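Okay, structure first, notes after.
Numbering (my numbering), first residue to last: 573 to 969.
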């Protein structure tokens, strides 16, 4: 069941809580939505959440997730209202342990689902729905670099505080290579809500803007940095590209396409992001480097849901089960590290002074970890069972 009315907690206690010291028996007291070690007495009657022998972990911080697009447009040319779609997505996030989500909203020359109108609907719906949703929802703006005509709008969104993270994307080369492949391009045209001829014209128009791209991206990156945002580059194909974006101010390398690019990012002190589905599936569906191998070789700091919300939790459990990393090390990939890469210093660990975001996981069935409760800001926002016996909610005296 979902907790529709938030239930403030006095704290959480259990035998297997992942603290900065590792997994251990602990009791974490909550005060004002934070983890508190001041000894202050919680409000009389506030319940303690007793997790018993279940695993208590920091909430997942998902730096890049665009699975919400399937809730908006589950089939080509079939769309649903943003409010109901985001309400459904919010439940998916909590059910998969994601307490902070950066939705990958794209502003592209493509138009349609990845154009201005849909992005505006997303911003408006997030604002309307914020008080009704259990997770924390932010926008990760994915800006297509050849959409030079959209730079002013993107800057306005950033200045208005609607964006919390910026990534520079360039999917034009892969699109251009498909000119002549009408069947494949028709899939993109359907997403863009136009016919094939119009979509091909949009590709050619974007290609003609190539000489303006460098100035446009510098301008947009400077705007983001002035607003205090972190900036990523997306799909770096080689070392030279990563060095270029690093010099531009992009401190995050998102989904580098080669080991070389990931290695240069590591040498430059950049955060390196790969997709958690890559780990879960045992490899990339696009021929990119194995995320598991990148983790094993110290070339990956962050795993994201990418297109599949269950993936971060499942990926961590697989890395732990396979002996690639300890649970504490693996969990940093989906909580502490993405929070820091996004400039969020207030979450990512169950430590005093940080936001009280935690999830409770039943990991007794190998290969199928289940989130049974989610706590956001010290409030119980989601639960799949009535907690009793060893997992009771007991009242504070």
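Glycine residues also receive a C-beta, built at the ideal position from the N, C-alpha and C atoms. Note that this is a predicted model, so its numbers are computed, not measured.
Contact check, residue i vs residue j, beta carbons under 8 Å
i           : j           : result
residue 844 : residue 863 : no
residue 581 : residue 951 : yes
residue 672 : residue 708 : yes
residue 670 : residue 622 : no
residue 700 : residue 655 : yes
residue 609 : residue 879 : no
residue 931 : residue 911 : no
residue 740 : residue 789 : yes
residue 691 : residue 658 : no
residue 920 : residue 908 : yes
residue 771 : residue 761 : yes
residue 674 : residue 883 : no
residue 632 : residue 923 : no
residue 775 : residue 738 : no
residue 727 : residue 792 : yes
residue 763 : residue 684 : yes
residue 885 : residue 649 : no
residue 590 : residue 899 : yes
Candidates the options: closest to residue i by CA position
i           : options            : result
residue 745 : 769, 758, 718      : 718
residue 783 : 760, 720, 806      : 720
residue 806 : 659, 687, 827      : 827
residue 933 : 611, 624, 612, 848 : 624
residue 835 : 819, 808, 857      : 808
residue 818 : 682, 841, 928      : 841
residue 957 : 949, 778, 942      : 942
residue 896 : 881, 867, 917, 860 : 867
residue 970 : 892, 687, 643      : Summary: the structure shown does not reach residue 970, with the chain confined to residues 573 through 969, and so no result is reported for it.
residue 955 : 591, 663, 602      : 663
residue 722 : 860, 579, 785, 881 : 785
Per-residue burial, residue i [other beta carbons within 10 Å of its own, 16 or more giving buried]
i           : result
residue 812 : exposed
residue 586 : buried
residue 755 : exposed
residue 963 : Interpretation of residue 963 is limited by its pLDDT of 44, a score under 50 that renders its predicted location unreliable; no figure is taken from the coordinates.
residue 802 : buried
residue 705 : buried
residue 847 : buried
residue 666 : buried
residue 877 : buried
Rounded distance between the beta-carbons of residue j and residue i, thought under 8 Å
i           : j           : result
residue 711 : residue 736 : 6 Å
residue 742 : residue 716 : 7 Å
Whether or not the region 863 to 877 and the region 594 to 613 are in contact is what I'm after, with contact meaning three or more pairs of Cβ atoms, one per stretch, closer than 8 Å; do they touch? no
Would the region 722 to 733 count as touching the region 749 to 765 if we require 3 or more Cβ pairs under 8 Å? Counting Cβ pairs under 8 Å, fewer than three are found: no touch.
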